[in-house]
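Residue numbers (the numbering used here): 13 to 299. Virtual Cβ for every residue (Gly too), placed ideally from N, Cα, C. Bear in mind that the values here come from a model prediction, so they are computed numbers and not experimental data. Below is one structure; the comments refer to it alone.
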Amino acid sequence: MGTTAQQKIDAVSWYHEFDFGNGLRAVPKTPVDSGHRRIWAFIEDQLGRIDFSGKSVLDIGCWDGYWSFLAERRGAKRVLATDDCSQNWAEGQGIHVAKEMLGSSIQIKQDVSVYQLAGLNEQFDIILFLGVWYHLFDPFFALTQLRHCCHPNTFVLMEGSVATDLGSQEVLYNFADHNCEFLPHPDGYRQLVRAAYFSEVGCSFLDPPDVPGRLGWRWRLRLCREVLRGSRDGIRAMASPTPDGKPRLKTANRRMFLTCTPFQGTNELHAYKPPFGLHVYDDRFRG
Ligand SMILES: C[S@@+](CC[C@H](N)C(=O)[O-])C[C@H]1O[C@@H](n2cnc3c(N)ncnc32)[C@H](O)[C@@H]1O
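Here it is, written out as structure tokens:
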């Protein structure tokens with residue numbers, strides 16, 4: 013007996029969740045808790061405001077390609093789905109099976125690290141950078157690579173985790189945490205984005221950021237948890253203010269969706285020639 017379509021689907025370790033119709037479904041390997049579904053609904057809502065028709069789209073860190081297929085469905089004329097397959101726990105088969113099930117024409121390159129994007133030598137109308145930045149060891153260099161894939165009218169759509177309880181220019185690195193190696197304050201991330209010659213044109217949060225300086229119920233709950241755990245370090249970390257004098261929530265983690273366009277001209281963040289080829293976007297250093 014030949015392999016049925018559902019058996020072919022079930023042979024894949026899925027990250028995304030697909031309903032292919034006719035009762036065929038891809039079920040994620042990890043339990044899809046309401047947190048995951050909430051994030052996907054948030055991204056879908058944000059992408060719902062974007063006009064993909066006739067556009068060329070680069071999807072970075074596409075995994076099973078859910079957002080690439082959405083862009084194609086919404087009328088994109090070309091979609092290049094990229095990923096660095098060495099950076100997740102699956103074998104990279106999902107996007108190929110989904111492409112076949114959906115009768116899709118997206119292009120797939122699974123050996124493209126975000127750190128190598130300039131090597132594509134191509135510019136796109138829309139760039140999707142969703143759920144990736146908080147996994148990066150070198151987020152600024154990654155953003156410079158995105159910048160090199162832009163023409164003047166490109167829209168870059170970025171989504172990921174931020175910590176609203178840090179000082180406004182603070183970022184955290186924890187390379188031992190493979191769920192989140194890099195966690196910036198929204199403003200800390202905005203500074204990286206600006207330094208890579210991008211202007212912000214829109215920003216949304218999945219949860220509204222905490223009102224600065226207020227000891228809300230989340231902070232109280234987390235403090236209780238640290239006390240019950242008997243964690244002196246945890247209590248101390250929460251009690252010590254940030255450089256802004258605001259209370260520090262160890263894990264206040266929000267999702268931010270940032271829409272940016274590239275700019276060219278004087279970048280006030282660079283007093284000297286910027287690195288990684290960015291000088292070509294700055295009138296003072298281009299020559
Ligand atoms: C949490 S998943 C997000 C998948 C999808 N973009 C989404 O939003 O649903 C993170 C993705 O980033 C990719 N990734 C992590 N580090 C990367 C890197 N250095 N270069 C390219 N992709 C990377 C992983 O392979 C994975 O596909």
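Determine the closest residue to residue i out of the options, with distance taken between C-alpha atoms.
{"i": "F167", "options": "F153, L184, G214, V144", "result": "G214"}
{"i": "R86", "options": "S68, P151, H147, R298", "result": "S68"}
{"i": "F141", "options": "S117, S173, I118, S116", "result": "S173"}
{"i": "D177", "options": "N165, H163, D199, F187", "result": "D199"}
{"i": "R90", "options": "W75, M170, C97, F136", "result": "F136"}
{"i": "Q99", "options": "I120, I139, V144, E84", "result": "V144"}
{"i": "Q19", "options": "E182, H197, A38", "result": "A38"}
{"i": "S65", "options": "N165, A88, Q122", "result": "A88"}
{"i": "L290", "options": "R202, T94, C162", "result": "C162"}
{"i": "K111", "options": "L233, G14, D31", "result": "D31"}
{"i": "W79", "options": "S116, S46, N165, L218", "result": "S116"}
{"i": "D150", "options": "V183, E171, L169, I139", "result": "V183"}
{"i": "R50", "options": "Q122, I139, I118, L218", "result": "L218"}
{"i": "N186", "options": "G277, G47, T278, Y146", "result": "Y146"}
{"i": "D189", "options": "L148, P164, R232, N133", "result": "L148"}
{"i": "L169", "options": "H197, A175, I139, S46", "result": "I139"}
{"i": "G277", "options": "P287, F288, D295, P286", "result": "D295"}
{"i": "A154", "options": "A175, E134, E171, A130", "result": "A130"}
{"i": "E84", "options": "C97, I120, D96", "result": "I120"}
{"i": "G179", "options": "N165, E171, Y201", "result": "Y201"}
For the putative contact between residue i and residue j, defined by C-beta atoms under 8 Å, what is the C-beta separation to the nearest angstrom?
{"i": "L281", "j": "R206", "result": "6 Å"}
{"i": "L82", "j": "L59", "result": "6 Å"}
{"i": "Y284", "j": "Y209", "result": "That belief does not hold up - the Cβ atoms of Y284 and Y209 are roughly 15 Å apart, past 8 Å."}
{"i": "L204", "j": "F152", "result": "5 Å"}
{"i": "D71", "j": "T94", "result": "7 Å"}
{"i": "H28", "j": "W75", "result": "6 Å"}
{"i": "H118", "j": "G77", "result": "In the sequence on display, residue 118 carries Ile and not His. So it is a contact: roughly 7 Å between Cβ atoms."}
{"i": "S216", "j": "T273", "result": "Their Cβ separation, rounded to whole angstroms, is 16 Å, which puts S216 and T273 out of contact at 8 Å."}
Measuring only from the beta carbon, is residue i closer than 7 Å to any heavy atom that is part of ligand 3?
{"i": "S80", "result": "As for ligand 3, it is missing from this structure, which binds only ligand 1."}
Chain-ordered list of residues that sit, by beta carbon, closer than 5 Å to a heavy atom of ligand 1 | Listed along the chain, these residues meet the criterion: G73, W75, D95, D96, Q99, N100, S125, V126, L142, G143, V144, H147.
The region 36 to 56 touching the region 264 to 279, judged by at least three CB pairs closer than 8 Å | Segments in contact, yes.
Is there contact here, the region 188 to 202 with the region 279 to 299, by at least three beta-carbon pairs under 8 Å?
-> Per the Cβ contact rule, the region 188 to 202 is not in contact with the region 279 to 299 (fewer than 3 Cβ pairs under 8 Å).
Evaluate contact between the region 24 to 37 and the region 103 to 115, counting only Cβ atoms and requiring at least three cross-stretch pairs below 8 Å.
-> Contact holds: three or more Cβ-Cβ distances are below 8 Å.
Is there contact here, the region 115 to 133 with the region 152 to 167, by at least three beta-carbon pairs under 8 Å?
-> Segments in contact, yes.
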